[in-house]
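A short write-up of the structure that comes next.
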Amino acid sequence: MHTYSRSAAIMLAALCLSADRAAACVLCEQGACPLHAHVVIGGGEDVPLLASEFDPGVPAFQVSARWTSTATQPSFSGGTGAIGSPAIITWGVVPDGTPVFAGTYGNDPSNLIATFDGLYPSGGLPSDPLIDRPWMQLYKQVFDRWSELGGVSFVYEPNNTTSGISTVTGTLGVNSDIRIAGHLIDGEVPGVPSIVAINYFPNNADQVLDTANVLFYGNTELNSLRFRNTVGHEIGHALGFNHVEDRAEYGILMEPRITIGFDGPQFDDILALHRNYGDRLEKSGGNDTAATATQAGVISPGGSWQIGTSAGSAVVTPDQSDFISIDNLSDVDYYEFSVAQAMLVDVRLTPVGPSYGIDAASGDPLFVTSHLADLSLELLANSQTVGFANLRGYGFAETISGLQALPGVIYHAVARGVSGQVQMYRLEISAVPEPASALLMALGLAAFARCRRWRGACA
């Protein structure tokens, strides 16, 4: 069992609230903050945002750690694998009365359940399952949203002991990986910056809310968006993400400020998620081989299929979830398709992503997310290479055009990264009519139009 040592230099991330601009702090035991810590005190910048350990030179999505062992994927069975591999992480709420050690922010026991039951009354009985309570459904909504956007799978664990926060690791049926508690941290004074939550980093990524911030957490505007974006931000820390600044053009959930200008993780946050845990197709064995390929189905004449359609804007809405990427050099994505009849097929692989400003104080140029990595495209027919494209470099589409596809043949479009950074992409497979077929189709349409014009109908 891993125990929390009060003398160890354990890093916490704290999101702070003020009336005009939220402040943020990275708190470190013994005052020893790592280089990638971003500190804002009272709205003024004290420490510049630096590149993370995992992505040197990248000013945007700040990935500094990841889960290597969880209750479902313990270290003795291999853990979660390398960066870019999917992870299953359990979450749950500790019983009231559980000790909470938060250094200089008090050692009162948790009163999260009683506080939020008061803020979001359910009308049920105390014996009702915790997960059925309104505020727990809000929590579940936030965890589920992170899960649908990438290779992490958050699973609710109903059991938790009263062992102190950040003193135990997750064990199925005993304690969740992320244990959630709450108590008084520094209270709520209108117009005065105050801490609303703190969160540890993996592999002990427990979360503590300041339950004295009742006006803030009890605000139900936009389906309690302040509460949801706050805990969503803290979950980002639990996934290993640091703070990041933009130029306030669009907004990023991992910015060191609270906002209701958007709902949930935004494009930059999803990039961090994919870099750390891969895209959603990496789950359940992934699509890294022909045998586990993502199924694109049967392409009909004039038909098409595509994936990765949500990655065009920095602003991400709650109904968007189609984000696909190559997360590093070792990642490869297979897509299997066949054709209904003999036809010409085009396959196009396009790196996608918006451009936005990062770190307003430094004046850095735009961060162009469509130019993060060079991609290659290969086309296989019954496991034999029939096309390959890697000519155009960063930010440009690779295309294999005019393949004469035949029914009864299994085709695979294969996307790879030529460089080691994460890159969102869109893949399109489309059937192109052969010249003769296209001419016959055009003549048929013209004849139909004349028939409709002069006779009113066609026999």
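Numbers -24 to -1, 1 to 435, taken from mature numbering (1 follows the signal peptide of the UniProt record, and there is no 0), label the letters of the sequence shown in order.
Don't be surprised by glycine CBs; every beta carbon is placed ideally from N, CA and C.
Judged by beta-carbon spacing, I171 lies within the 8 Å limit of D186, meaning their Cβ atoms are closer than that value. In this chain, the beta strand (DSSP E) harbouring F130 covers 128 to 132.
Under the Cβ criterion (8 Å, minimum of three pairs), the segment 102 to 117 does not count as touching the segment 216 to 236. One thing to note: G55 has its Cβ no nearer than 8 Å to the Cβ of T66. With contact defined as three or more Cβ pairs closer than 8 Å, the segment 277 to 294 and the segment 144 to 160 are not in contact. One alpha carbon belongs to G212, the other to S395, and they sit about 26 Å apart. In the three-state reduction of the DSSP assignment, W43 falls in the coil class. Nearest in C-alpha terms to D298, of all of P341, L247, A266, is L247. Bridge partners of R324 according to DSSP: T375, E404. The residues S170, A188, in chain order, have a CB closer than 7 Å to that of G163 in the same chain once the five nearest residues on each side in sequence are set aside. Under the three-state reduction of DSSP output, L88 falls in the helix class. For E124, the enclosing alpha helix (DSSP H) starts and ends at 110 to 125. Taking C-beta atoms as the reference points, F177 and A365 fail to come closer than 8 Å. One Cα belongs to L342, the other to L198, and the distance between them is close to 31 Å. Secondary structure note for D245: its alpha helix (DSSP H) is the uninterrupted segment 243 to 253. Per DSSP, the beta-bridge partners of G363 are L355. Each residue's CA atom was taken as its position, placing T375 and V323 some 6 Å apart. Following the DSSP letters along the chain, one finds E210 inside the alpha helix (DSSP H) bounded by residues 197 to 214.
Rounded to the nearest whole angstrom, the CA to CA distance from D244 to I228 is 6 Å.
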